[in-house]
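**Student:**
Residue numbers (full-length UniProt numbering): 1 to 156.
(1) Count the C-beta pairs between the segment 54–66 and the segment 27–42 that are closer than 8 Å, then say yes if the count reaches three, no if not.
(2) So for residue 139, helix, strand or coil by DSSP?
(3) Hey, how far is the Cα of residue 82 from the Cα of residue 71?
(4) Which value, in whole angstroms, describes the spacing of the CA atoms of residue 122 and residue 136?
(5) Are the segment 97–109 and the segment 73–89 in contact at 8 Å, needing three or more beta carbon pairs?
(6) Mind reading off the beta-carbon distance from residue 95 to residue 130? Whole number of angstroms is fine, and I expect it under 8 Å.
(7) Give me, in chain order, the residues of the same chain whose beta-carbon lies closer than 7 Å to that of residue 87; leave out the 5 immediate sequence neighbours on both sides.
(8) What distance in whole Å lies between the Cβ atoms of residue 50 and residue 63, which are believed to be in contact at a cut-off of 8 Å?
(9) Would DSSP call residue 47 helix, strand or coil?
(10) Under the rule that 16 or more other beta-carbon atoms within 10 Å means buried, what is residue 119, buried or exposed?
This is how it looks when you write it as structure tokens:
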């Protein structure tokens with residue numbers, strides 16, 4: 001009787017180990033193979049057997065992110081972005097500072113950081129010349145390399 005009981009306990013522990021290994025493998029592969037949106041779609045809100053917190057943990061999601069509903073851009077933000085695009089089309093060499101100044105002259109209350117963010121989201125940047133580091137000035141004197149034909153035989 002005791003032998004059967006111990007064998008049953010050993011089988012249960014072996015099954016727990018197998019299930020734990022399978023669960024960790026599933027979680028690892030599920031998290032790496034599916035996008036966050038796909039994993040969020042797998043959550044069953046009306047499942048009484050598995051709580052939401054457990055489902056979130058199994059899907060490698062934060063529970064609080066399940067309740068977040070993204071908010072679209074406001075009409076003011078859309079108007080500002082539209083005007084930024086128009087200004088950039090007219091003057092592609094304008095950066096965020098000049099675009100901000102132009103918007104303020106037109107009555108938009110917007111700061112430079114917001115304009116920078118909008119420009120970054122739209123994928124636009126002011127056209128500017130790059131550095132000319134490799135061009136030498138013709139006025140600079142060229143000094144001769146005095147050690148060119150000198151052979152070093154010993155240290156000082």
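Quick reminder that beta carbons are idealized off the backbone N, C-alpha and C, glycines included.
Note that the structure is a prediction, hence the values are computed from the model and not measured.
**Tutor:** Per the coordinate set shown:
(1) Yes: at least three Cβ pairs fall under 8 Å.
(2) Here residue 139 corresponds to residue number 139 of the chain shown, with the count starting at 1. Coil at residue 139, not helix or strand.
(3) Position 82 of the chain shown, counted from the first residue, corresponds to residue 82. Position 71 of the chain shown, counted from the first residue, corresponds to residue 71. About 19 Å.
(4) Residue mapping note: residue 122 aligns to position 122 of the chain shown, counting from 1. Residue mapping note: residue 136 aligns to position 136 of the chain shown, counting from 1. For residue 122 and residue 136, the distance between alpha carbons rounds to 37 Å.
(5) yes
(6) Looking up residue 95 in the chain shown gives position 95. Looking up residue 130 in the chain shown gives position 130. Rounded, the Cβ-Cβ distance is 15 Å, inconsistent with contact.
(7) Within the chain shown, numbered from 1, the residue matching residue 87 stands at position 87. Answer for residue 87: 94, 99 and 102, listed in chain order.
(8) For this step, residue 63 is matched to residue 63 along the chain shown. For this step, residue 50 is matched to residue 50 along the chain shown. That belief does not hold up - the Cβ atoms of residue 63 and residue 50 are roughly 13 Å apart, past 8 Å.
(9) For the purposes of this step, residue 47 is identified with residue 47 of the chain shown, where counting begins at 1. Note: residue 47 maps to coil in three-state DSSP.
(10) On the chain shown, position 119 is the one that residue 119 refers to. Answer is buried; the Cβ neighbour count reaches 16.
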